[in-house]
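> Can you keep this structure in mind? I'll have questions shortly.
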Amino acid sequence: MARKSIVVAGVGGQGLITIGGVLGEALSEKGFNVSVGEVHGLSQRGGSVVVFLKYGDGSVSPIVTTGEADLIIGLELIEAARRLQLARKGGFVIVNDFLLPPPAAGKVPSREELLKSIRGSGLNDFVIDANGLALKAGSEIAVNMVMIGASLATRVIDVSVEDIERILTRRFKGELLRINLEALKLGYEEVEKKRYSSQVK
Amino acid sequence: MSGNAGERKLLLGNEAIARGALEAGISAAAAYPGTPSTEIIESLVDVAGEYGIYVEWSTNEKVALELGIGVSMMGLRSLVAMKHVGLNVASDPLMSLGYTGVIGGLVIVTADDPNAHSSQNEQDNRLYGIHANIPVFEPSTVQEAKDLTKALFEVSEKFQLSVILRTTTRLSHSRSPVVFGEVTRPSRDASFHKNPERWALLPPYNLVKHREVLERLKKLEEYLSEFRFNSVVKGEDNVAVVTSGITYNYVLEAVEELGVKPTIYKLSSVFPLPRKIALEILNYEKVIVVEELEPVIEWQLKIIGYEEKTGAEIYGKTVFPRVGELNKELAKAGIAAVTGIEYKPPEAALSPPGLPRRPPVLCPGCGHRSTYYAVKLAAQRARVKPIYANDIGCYTLGFYPPYEMADFTWSMGSSIGIGLGIARFSKEPVIAFIGDSTFYHAGIPALINAVYNKTPLLVIVMDNSITAMTGHQPHPGSGVGPSGESRPQIKIEDVARAVGVKFVEVVDAYDVTIVRDTVQRALRYIKETGEVAVIVSRRPCALLDVRNRRRRGEEIRPYIIDEAKCINCGICLDKFACPAIVRENSGKPRILAELCVGCGVCASICPAKAIRPAMG
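Top to bottom, those sequences are chains Z and V.
28 is the number of the first residue of the first sequence in the numbering used here; add one for each residue after it.
267 is the number of the first residue of the second sequence in the numbering used here; add one for each residue after it.
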């Protein structure tokens, strides 16, 4: 199988490392060579965070370069826009409709401007209210699980919702597990719905 | 990290190194935390009890390495880990270790940081090996990080040499599947290998040692020509690509996408370079060396090529950057340039221009913020323009607006040391900010120097009781050990008083008025006496404190801004700049309840008294 690349972009504290870990574990269990590149250190203090995930049958390096990503998972609008150039033409981008301006930043583009550049990027885009869906599932902390669910609905990543459920069941228990499973499902259904309605049109 | 032979788990590169050491049967591991090396020892802390090994956070890298040397003298195996600049601190014992060699296997991990993602520089520590006569090895994958680490303990003991395992950020912080091996428990008794002529580096024994180590290195070099971690994949052209470390993966992707088939040499032993392999490489018409940072392999190949009068054309830093990290595209561009094929950069979606940067910030409730704020007020009141010496830690973020209180940051402890040089000749006062962990690491000798040599300097220890930047490792002031067990607590103020500082004050970092007034008094003191003053500005790390409070089920009550009272002066937004306070479209400030940790400092500095706790 040809190599596939996924970029997860957001702000420190949004659970990006967990997204990389969960997807990486699922892909690893499918027998792929997997590399999940993370950024640690300074970036944990509310800075930009990007996680690179690559998998395939051959060699996988830990950096995704310009024009390489099949899918961008953006947990915040500015950070998603920042990483658009990593996507290949015709790739996918899933964005959480959430704008968090950096503290003490000067001019910040508006939500509308950011959405316009994401929609005009030539990528297959899905904009979802992941924060809202996470709250609906029971906690805003589950926004990362919503994004995993949403990304699976693009069919880009070679794992199923059941594969992820199995891993979550190992990692969490009780109420936290219930919230995460629900968030995963809501995210998946949201993009599935959008895909269906775009086909109908 | 724990698990049985044959299990396959997704491991971080650093965890794989730790697992390799565990499988090799280490008795001890030590480190001072530093990105990107921290998780090596951190993951060993988690399993220390289970596998019966001794793991410690040392006060600095020199002490950690010295501990490893001592363990080796006892005939036991140990792993010592540090970030690249940590090896500078440990370089003094390292140079002597290069002469003595070891008894028990000793692997020194240096986690280098090409691109300086979270470091003051991107120095290439492979050069330390050449400098210290210590062999250097580089793993290329996470699996190899484990396997090579394990094998290096055998190599270390077989040749009685310590070895350097060099990893880089991209390998240390990548997760990949790793198949576990058996955890071995070498059955050997700890006994001191008494041999003063070997261990006491005095003339004439030191020159004997120098000769001996060169002989042992020569034997090792011959052995390495058959080392199973050096590999070759034969190609079709008369071109050889030579690479090492994580770069190997960029090369594989690059040749695949370029559609070329050079012979690829992956070297795990980068110093000494096995001469037999080098001669094989130099048989090719063109040799392309793809390595990050310094041309360590390239230089060695060029020397051997000159000595052996081979005609190979050797390309390296003429086609690849010497600064920053490499990646697949850079590898493609360089290989294409040498082989004469066309390279087209990939087509990509475009990111919109003018996006604001998002640098890391001090957390909501961080005591460093209120300290910086108060020190600024004190300087204004005292009508001085201090020179702000800063150091390495979370508080380095004081460099950024709106604080801009880092006129320089250098290396661990340098705020005091360099501050002394400036203070000696400056008309304006010098204020040195140094964290608690950094103070124990390298601040104390400089402080003693300030006392002894009578230098007017205000040292403000930004004390959050933990090594916060790297993820909350305990230190001598924390009162706990690596697993949270009780330990003696060495207080900064006690150290300062004991070394003769007469002005020593401990303040609550949240109390802006007290911090401000204390700083003002200290500024007067250093001016009048010409001596050093120390203020310990103390508050536990907010990130950790909030986590603990949540765990205990304590309610965290956020603050709110009373819009009717707010005069929109902008102080909380633009001067204090807590990330929990944002500007509404109306221009007025609002506190984000989900980020606010209820420290209340913003309420204490609000001139309109418009900020108060939310009703329960």
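Where a beta carbon is used, it is the ideal one built from N, C-alpha and C, also for glycine.
Model, not experiment: these values are computed from the prediction.
1) Could you tell me the distance, in whole angstroms, from the CA atom of Ile194/Z to the CA atom of Val445/V?
2) Determine, using beta carbons only, whether Tyr531/V comes closer than 7 Å to chain Z.
3) How big is the Cα-Cα spacing for Leu427/V and Gln389/V?
4) Given this structure, state the Cα-to-Cα distance separating Ile430/V from Gly659/V, to the nearest angstrom.
5) Per DSSP, what kind of secondary structure is Leu468/V in: helix, strand or coil?
6) Met348/V lies in the beta strand (DSSP E); which residues open and close that run?
7) Determine which residues of the stretch 100-117 of chain Z have a Cβ less than 8 Å from any Cβ of chain V, and write them out in chain order.
8) Which chain Z residues sit within Cβ distance under 7 Å of Tyr516/V?
9) CA-CA distance, His397/V and His439/V?
10) Taking 7 Å as the threshold (C-beta atoms), are Tyr516/V and Val88/Z in contact?
11) What does Leu616/V touch in chain Z if you count any residue whose Cβ is under 7 Å from its own?
12) Go ahead and label Asn593/V buried or exposed: buried means 16 or more other beta carbons lie within 10 angstroms of its beta carbon, across all protein chains shown.
13) Can you look up Leu363/V in the DSSP assignment and give me helix, strand or coil?
14) What separation, rounded to the nearest whole angstrom, lies between the Cα atoms of Met340/V and Pro540/V?
15) Leaving aside the five residues before and after Lys349/V along the sequence, list all residues of the same chain whose C-beta is less than 6 Å from its C-beta, in chain order.
16) How would you call Val893/V, buried or exposed, if buried means at least 16 neighbouring beta carbons within 10 angstroms?
17) Compare the C-beta of Val627/V against all C-beta atoms of chain Z and say whether one is closer than 7 Å.
18) Would you call His741/V buried or exposed, if buried means 16 or more other Cβ atoms sit within 10 Å of its Cβ?
19) Given a cut-off of 7 Å on the beta-carbon distance, is the pair Val61/Z and Gly51/Z in contact?
20) Taking beta-carbon pairs under 7 Å, can you tell me which members of the stretch 434-450 of chain V lie near chain Z?
21) Might you give, ordered along the chain, the residues of its own chain that have their beta carbon closer than 6 Å to the beta carbon of Ala411/V, omitting 5 neighbours on each side?
22) Let me confirm a value: Arg817/V is counted as buried when at least 16 other C-beta atoms fall within 10 Å, else exposed. Which label applies?
23) Below 8 Å on C-beta distance, what does Lys485/V contact in chain Z?
24) In chain V, which residues lie less than 7 Å from Ser55/Z when you measure between Cβ atoms?
25) Which whole runs of the beta strand (DSSP E) in the stretch 668-734 of chain V are 3 residues long or more, in chain order?
26) Drop a sphere of 10 angstroms on the beta-carbon of Gln755/V, count the other beta-carbons inside from all chains shown, and report buried for 16 or more, exposed for fewer.
27) Would Thr92/Z pass as an interface residue toward chain V - the criterion being a Cβ-Cβ separation below 7 Å?
28) Please compile the residues from chain V whose C-beta is within a distance smaller than 7 Å of the C-beta of Ala157/Z.
29) Asn549/V: which of Leu567/V, Ser535/V and Pro561/V sits nearest, CA to CA?
30) Candidates Ala520/V, Glu546/V, Gly336/V and Tyr791/V: which alpha carbon is nearest Arg30/Z's?
31) What residues from chain Z crowd round Leu621/V, counting only those whose CB sits closer than 8 Å?
32) Report the three-state DSSP secondary structure of Arg285/V (helix, strand or coil).
33) Using a Cβ-Cβ cut-off of 7 Å, state whether Ser359/V counts as contacting chain Z.
34) Quick check: the stretch 725-740 of chain V against the stretch 796-806 of chain V, are at least 3 beta-carbon pairs closer than 8 Å?
35) Can you tell me which of the three DSSP states Lys228/Z falls into?
36) For the alpha helix (DSSP H) that contains Ile175/Z, what are its first and last residues?
Straight from the coordinates:
1) Counting from 1 along the first sequence, the entry for residue 194/Z is found at position 167. Counting from 1 along the second sequence, the entry for residue 445/V is found at position 179. About 19 Å.
2) Here residue 531/V is taken as the residue at index 265 of the second sequence, counted from 1. No, its Cβ sits nowhere closer than 7 Å to a Cβ of chain Z.
3) In the second sequence, the residue the question calls residue 427/V occupies position 161. In the second sequence, the residue the question calls residue 389/V occupies position 123. Going from the Cα of Leu427/V to the Cα of Gln389/V covers about 23 Å.
4) Reading the second sequence from its first residue, position 164 is the one you call residue 430/V. Reading the second sequence from its first residue, position 393 is the one you call residue 659/V. Near 26 Å, if we compare the C-alpha coordinates of Gly659/V and Ile430/V.
5) What you label residue 468/V is simply residue 202 of the second sequence in a count that begins at 1. Leu468/V: coil per DSSP, three-state reduction.
6) Numbered from 1 along the second sequence, position 82 holds the residue referred to as residue 348/V. Looking at the DSSP string, the run of the beta strand (DSSP E) that includes Met348/V is Ser344 to Lys349.
7) Ile105, Glu106, Ala108, Arg109, Arg110, Leu111, Gln112, Leu113, Ala114, Arg115 and Lys116
8) The residue labelled residue 516/V in the question sits at position 250 within the second sequence. Within chain Z, the C-beta atoms nearer than 7 Å to that of Tyr516/V come from Ser88, in chain order.
9) For the purposes of this step, residue 397/V is taken as the residue at position 131 of the second sequence. For the purposes of this step, residue 439/V is taken as the residue at position 173 of the second sequence. Using only the alpha carbons, I get a separation of about 27 Å.
10) Along the first sequence, read from residue 1 onward, the residue named residue 88/Z stands at position 61. Along the second sequence, read from residue 1 onward, the residue named residue 516/V stands at position 250. In the sequence as presented, Val is not what sits at residue 88/Z; that position holds Ser. Tyr516/V sits close to Ser88/Z, with the two beta carbons spaced by under 7 Å.
11) Here residue 616/V corresponds to residue number 350 of the second sequence, with the count starting at 1. Here the neighbours are Leu111, Gln112 and Ser148.
12) Numbered from its first residue, the second sequence carries residue 593/V at position 327. Classification of Asn593/V: buried, given that the 10 Å Cβ count is 16 or more.
13) If you number the second sequence from 1, residue 363/V lands on position 97. Helix, per DSSP.
14) Mapped onto the second sequence, residue 340/V falls at position 74. Mapped onto the second sequence, residue 540/V falls at position 274. For Met340/V and Pro540/V, the distance between alpha carbons rounds to 31 Å.
15) In the second sequence, counting from the first residue as 1, residue 349/V sits at position 83. Once the five neighbours on either side are set aside, the close Cβ partners of Lys349/V are Gly300, Ser303 and Ala377.
16) Not covered by the structure: residue 893/V. The range shown for chain V is 267 to 882.
17) Here residue 627/V is taken as the residue at index 361 of the second sequence, counted from 1. Yes, its Cβ sits closer than 7 Å to a Cβ of chain Z.
18) Sequence index remark: in the second sequence, residue 741/V carries index 475 (1-based). His741/V comes out buried.
19) Reading the first sequence from its first residue, position 34 is the one you call residue 61/Z. Reading the first sequence from its first residue, position 24 is the one you call residue 51/Z. Result yes, Cβ atoms of Val61/Z and Gly51/Z sit closer than 7 Å.
20) Residues of the stretch 434-450 of chain V that bring their beta carbon within less than 7 Å of a beta carbon in chain Z comprise Arg436, His439, Ser440, Arg441, Ser442 and Pro443, in sequence order.
21) Along the second sequence, read from residue 1 onward, the residue named residue 411/V stands at position 145. Contacts found: Gly279, Ala282, Ile283 and Pro405.
22) Start at 1 with the first residue of the second sequence, and residue 817/V comes out as number 551. The residue in question, Arg817/V, is exposed, as its Cβ has fewer than 16 Cβ neighbours within 10 Å.
23) Within the second sequence, the letter at position 219 stands for residue 485/V. By Cβ distance, chain Z contributes nothing, its closest Cβ being about 34 Å from Lys485/V, past 8 Å.
24) On the first sequence, position 28 is the one that residue 55/Z refers to. Those are Leu276 and Pro443, listed as they occur along chain V.
25) 696-701 and 724-729
26) On the second sequence, position 489 is the one that residue 755/V refers to. Burial call: exposed.
27) Translated into the one-based positions of the first sequence, residue 92/Z becomes position 65. Residue-level contact check: Thr92/Z touches chain V, since one or more beta carbons of chain V fall below 7 Å from its beta carbon.
28) Here residue 157/Z is taken as the residue at index 130 of the first sequence, counted from 1. Within chain V, no residue comes near Ala157/Z; the closest Cβ sits about 15 Å away, beyond 7 Å.
29) Here residue 549/V corresponds to residue number 283 of the second sequence, with the count starting at 1. Among Leu567/V, Ser535/V and Pro561/V, the Cα nearest to that of Asn549/V is on Leu567/V.
30) The count along the first sequence starts at 1 and reaches residue 30/Z at position 3. Closest by alpha carbon: Ala520/V.
31) Locating residue 621/V in the second sequence gives position 355, where the first residue counts as 1. Residues of chain Z whose Cβ lies closer than 8 Å to the Cβ of Leu621/V are, in chain order, Ile105, Ala108, Arg109 and Pro136.
32) Position 19 of the second sequence, counting from 1, holds the residue named residue 285/V. Helix, per DSSP.
33) For this step, residue 359/V is matched to residue 93 along the second sequence. The sequence given here has Pro at residue 359/V, not Ser. Not closer than 7 Å to any Cβ of chain Z, the Cβ of Pro359/V fails to qualify, so no.
34) yes
35) Numbered from 1 along the first sequence, position 201 holds the residue referred to as residue 228/Z. At Lys228/Z the pLDDT is 49, less than 50, meaning the model places this residue with poor confidence; the figure from the coordinates comes in the next sentence. Three-state DSSP puts Lys228/Z in coil, outside helix and strand.
36) Locating residue 175/Z in the first sequence gives position 148, where the first residue counts as 1. Unbroken alpha helix (DSSP H) run through Ile175/Z: Val170 to Leu179.
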